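Here the structure is laid out as structure tokens; the discussion comes afterwards.
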Amino acid sequence: MDKSEWVASLTESVALTPLDYTAPQGYIPIIFGFNFDGSPLDAAAYLKVRLARTLAKWPCLGGQFIAGGSGVSPKLIYSSTGPTSLEAFPNEVFDFRGLQTDQLRWDEFDQLVREHGPAEAMDKDILCLLPEKLPGPGEGCHPVTLRVNFTKDRKGILLGLSLHHGIHDGTGVRDFLACFAGLDAPNPEADSSYFSRFLEQKKTIDWFIGTWESREVNMNATEDYNFNEPSQPPLVDPTAPPGIARIISIPADRIAKLHELVLDMVKEKHGSSAFVSTADTVSALLWVYITRARRAHLLPHEISHFATAVDIRSKIPLLTDTPESYLGNAFLRVTTKSLAVLLAPDEHDNSPIAIARCVAYAAHLIRKAIQTLDSPSHLRHHLSIAVNTANPPDVDAAVRRVIDRGHAGVDCSSWLALGADLNFHIPGTEHKNGGKPVFIRRAYAPFPGAMNIMPRRGGTKGDADWEIWVALRGDDMERLVRGLREGGGAFGRVRQDFDVMLWGD
């Protein structure tokens, strides 16, 4: 059976929702690094079985995602009786190979670990199984792919998992990983019942979001979108230095002390009921230091936007029964803004109080933006925009125009819950770290202004370091590194190991 015949045999479909339509239409590539001392063949065979098991739970993930755009709605098509993508085209969905010396500068896994899984090592073309180009409107691609790499010394596995964003958001990825790691019991009857409920839930949510449509929607009523300008997102400044990405690593005790100080400041200014989370504080800290680094090319009264993705499962009434088991996009990006001069009034003042005061100001702004989605009218407006946009990709472009991450803004997403505490049970990995990954990284894509809070043992709790993936222009990154090292004295000493900046001892 050739590809076209197989695609033609996929006669069943999933009712995607407006939030699926308006999600970024690309892959979420995640790379997991494991210590290893077993047989590569045994490990690869096990991982292929786990992938097949996960596709059995969600048969639609063994079909094709048909891209939308230009008046074409995206689709997820599959067959509940025919071969899955893994069975029909195994080499396109599951790839098992060893790395060659000329492909990866790090021959030894221990070296990768010593260097804290550096951002630049996570080459998506080597470590992930991705199409050469994303499909155009009406074209298809595999919803999920997996590439299994072993370092040359066979002491480490680098697992590259790619999931299409048109189907998964962060919580969806988390649920996929839980099944892939073997947290569910292998029960075909339970699979069938689960998938039937999933399909009905998708239809119900699609209907529910549609009922929130307003006949007259002011597409720019909130500051989270800009539909006034051309449909393309902001263009990259061709004269700017190229982007690079780095991992910022900060000890948990330093973040705990900073959060305590920041929370006291927020309560003192905004009342005893005011609140900012630890993640708000981490996000604000990086927003402040990134703005400091950019002051070399930002005017004092330029606006810097900060965007963060918010899971709204608990806010949609029809998802309240099982809000965390909804595989699909149920997130919105909210933005806040500030004058650059307020985030970084003096980029050279590294006193603890000065830094904490700026972080408290920024963290409060971030928390207020997140809380706007507690308002039914605000949530309704976001959903109405998703329903009313004639060309769904325009929504993502409208948000990106507001953020303007390549110049002054920051586009943040938290991956805290994506697999750091999971035992994947891969043969040969359980002797160290109990089968859990040593590090988890996003694939290297240095788009300036992008930021991810990396998966962390214990989520927001525990004593694991906080790791933040940041991409900036090259000159801004140099200033960010220098600023963190100079300002680290506020909460601990800063040192630099390769591309890792560590606040603390």
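Counting in my numbering, the final residue of the sequence shown is number 509, and the numbers go up one at a time with none missing.
Glycine residues also receive a C-beta, built at the ideal position from the N, C-alpha and C atoms.
Keep in mind it's a predicted model, so treat the numbers as computed, not measured.
Residues near residue i by beta carbon distance below 8 Å, same chain, minus five either side
i, result
"Ala468", "Ala256, Ala424, Arg460, Arg461 and Gly462"
"Gly73", "Gln29, Gly140, Pro141, Asn395, Pro396 and Pro397"
"Asp195", "Ala60 and Lys61"
"Asp111", "Thr105, Thr155, Lys156 and Asp157"
"Met269", "Ala360, Arg361 and Ala364"
"Tyr293", "Leu484, Gly487, Leu488 and Gly491"
"Glu96", "Ser89, Leu133, His146 and Thr149"
"Val338", "Asp228, Ala311, Thr312, Val314, Ala373, Ile374, Thr376 and Leu377"
Beta-carbon separation (whole angstroms), residue i vs residue j, contact threshold 8 Å
i, j, result
"Phe184", "Leu55", "7 Å"
"Phe38", "Pro441", "6 Å"
"Asn427", "Gly413", "With 8 Å as the limit, Asn427 and Gly413 do not qualify as a contact, their Cβ atoms being about 38 Å apart."
"Arg178", "Phe40", "The pair is not a contact, with the Cβ atoms about 24 Å apart (cut-off 8 Å)."
"Ile32", "His172", "6 Å"
"Ala390", "Ile254", "Ala390 to Ile254, Cβ: 35 Å. No contact."
"Ala19", "Asp210", "5 Å"
"Ala288", "Ala366", "4 Å"
"Val11", "Glu227", "That pair is no contact at about 42 Å."
"Ile370", "Leu163", "About 32 Å separates the two Cβ atoms, so there is no contact after all."
"Ser308", "Lys341", "7 Å"
"Leu51", "Asp99", "That pair is no contact at about 11 Å."
"Ile374", "Thr312", "7 Å"
"Arg477", "Pro245", "5 Å"
"Glu351", "Gly487", "7 Å"
"Gly144", "Phe69", "6 Å"
"His169", "Ala401", "At roughly 15 Å, the Cβ-Cβ gap does not stay under 8 Å, so His169 and Ala401 are not in contact."
Start-to-end residues for the beta strand (DSSP E) that takes in residue i
i, result
"Cys416", "Val414 to Ser418"
"Ile472", "Trp470 to Arg477"
"His309", "Ile307 to Asp315"
"Arg445", "Phe443 to Arg446"
"Leu343", "Phe335 to Leu343"
"Ile457", "Ala454 to Ile457"
"Ser379", "That residue, Ser379, is in no beta strand (DSSP E); it is neither H nor E in DSSP."
"Ile171", "Note, Ile171: premise wrong, no beta strand (DSSP E); not H, not E."
"Tyr330", "Run containing Tyr330: none; DSSP gives neither H nor E here."
Sequence-distant residues of the same chain with beta carbon closer than 7 Å to residue i, five excluded per side
i, result
"Ser8", "none"
"Met481", "Ile248 and Arg250"
"Leu267", "Val280"
"Leu336", "Val314, Ile316, Leu377 and His386"
"Asn437", "Asn39"
"Gly42", "Pro431 and Gly432"
Endpoints, alpha helix (DSSP H) assigned at residue i
i, result
"Ala394", "Ala394 -> no alpha helix (DSSP H), and no H or E assigned at all."
"Glu9", "Lys7 to Ala12"
"Ile517", "The structure shown has nothing for residue 517, since the chain only spans 5 to 509."
"Asp91", "The sequence shown places Glu at residue 91, not Asp. Its alpha helix (DSSP H) spans residues Ser89 to Ala92."
"Phe113", "Phe113 to Arg118"
"Asp408", "Element bounds for Asp408: n/a, residue is neither H nor E."
"Asp129", "Lys128 to Leu131"
DSSP bridge partner residues for residue i (one or two, in chain order)
i, result
"Asn153", "Arg101 and Leu162"
"Cys145", "Phe69"
"Leu80", "Val18 and Phe69"
Same chain, Cβ closer than 6 Å to residue i, neighbours up to 5 away in sequence not counted
i, result
"Asn456", "Ser417, Trp419, Arg446 and Trp473"
"Pro22", "Ile213, Ala390 and Val391"
"Val148", "Leu65 and Leu167"
"Leu116", "Trp110"
"Lys271", "Ala278"
"Gly67", "Leu14, Ile81 and Tyr82"
"Ala475", "Gly247, Ala249, Pro450, Phe451, Pro452 and Ala454"
"Thr393", "Val399"
"Phe443", "Gly37 and Gly121"
"Trp470", "Ile254, Ile259 and Val286"
Residue-level contact to chain B via CB, residue i, 8 Å cutoff
i, result
"Tyr25", "In the displayed structure, chain B is absent; only one protein chain is listed."
Quiz item: Along the chain, which unbroken stretches of the alpha helix (DSSP H) at least 4 residues long are found entirely within the region 30-70?
Solution: 44-61
Quiz item: Unbroken alpha helix (DSSP H) runs of length 4 or more, entirely within the region 229-303: which are they?
Solution: 256-274 and 282-298
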